[in-house]
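Counting from 102, one number per residue, gives the positions in the sequence shown under this note's numbering. Ideal Cβ placement from N, Cα and C applies to all residues, glycine included. What follows is a short report on a single structure.
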Amino acid sequence: MERKYRVLIIDNDNDILTTYQNYLTQHGLEVETASDGIAGLEKLRTGEFDVAIVEVQLSKINGIEISRHANEEGIETEMIIFTKGGEKQEVVSAINAGVKAWFEKTSIERPHFLKKVKELAEGVSLDEIRRILSVVPKPQFKWQ
102 MERKYRVLII DNDNDILTTY QNYLTQHGLE VETASDGIAG LEKLRTGEFD
152 VAIVEVQLSK INGIEISRHA NEEGIETEMI IFTKGGEKQE VVSAINAGVK
202 AWFEKTSIER PHFLKKVKEL AEGVSLDEIR RILSVVPKPQ FKWQ
């Protein structure tokens, strides 16, 4: 039996929490939610999540700070950031804090989003495998 990937969504917008929890659950993922940064960080500390999807602008502690804490504490959950758009500096800060992907809430293409969540949950994306293979020398065979 295939293991279900575990996802945590941290967002202060209940509509976003419900929409993406339902969407990811329909596609075979196990999803938990938190509606503020402190509750989300506590769940990250106590749960075993493959991926966390975190809003940048949260109450109590923002998404970038959550990512920094997770890295500092050795939490091995892959992070995706949700932005409201136009927050380029926040995206750069998030990437520096260890975030692996970001999506603007207003323009998410769901199939691409689902693919990225699953790639991060699996640990290595197809793009990463291709990149690694592109730099590995091809074996040289000698005919005898």
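Report the option in 165, 152 and 123 whose CA atom is closest to the CA atom of residue 224. Comparing Cα-Cα distances from residue 224 to each of 165, 152 and 123, the minimum goes to 152.
Look up residue 183 in the DSSP assignment and give the residues it is bridged to. DSSP output for residue 183 lists 156 and 204 as bridge partner(s).
Would residue 141 pass as a contact of residue 157 if the rule is Cβ separation under 9 Å? Using a Cβ distance threshold of 9 Å, residue 141 and residue 157 do not count as a contacting pair.
When DSSP labels each residue in this structure, what does residue 221 get in the three-state scheme? Here residue 221 sits in helix by DSSP.
Taking DSSP's pairing of strands, which residues face residue 131 in a bridge? Answer is 107.
Applying the criterion that 16 or more other CB atoms from any shown protein chain within 10 Å of the CB defines a buried residue, is residue 217 buried or exposed? Taking all protein chains shown into account, residue 217 has 16 or more neighbouring C-beta atoms within 10 Å of its C-beta and is therefore buried.
So, do the stretch 182 to 196 and the stretch 131 to 148 have three or more beta carbon pairs nearer to each other than 8 Å? They do not touch, by the three-pair rule.
According to the neighbour-count rule (16 or more other Cβ atoms, all chains shown, within 10 Å of its Cβ), is residue 164 buried or exposed? Buried: at least 16 other Cβ atoms inside 10 Å.
Same chain, Cβ closer than 7 Å to residue 198, neighbours up to 5 away in sequence not counted: If we look at residue 198 and ignore the five residues flanking it on each side, its Cβ neighbours are 165, 168, 169 and 172.
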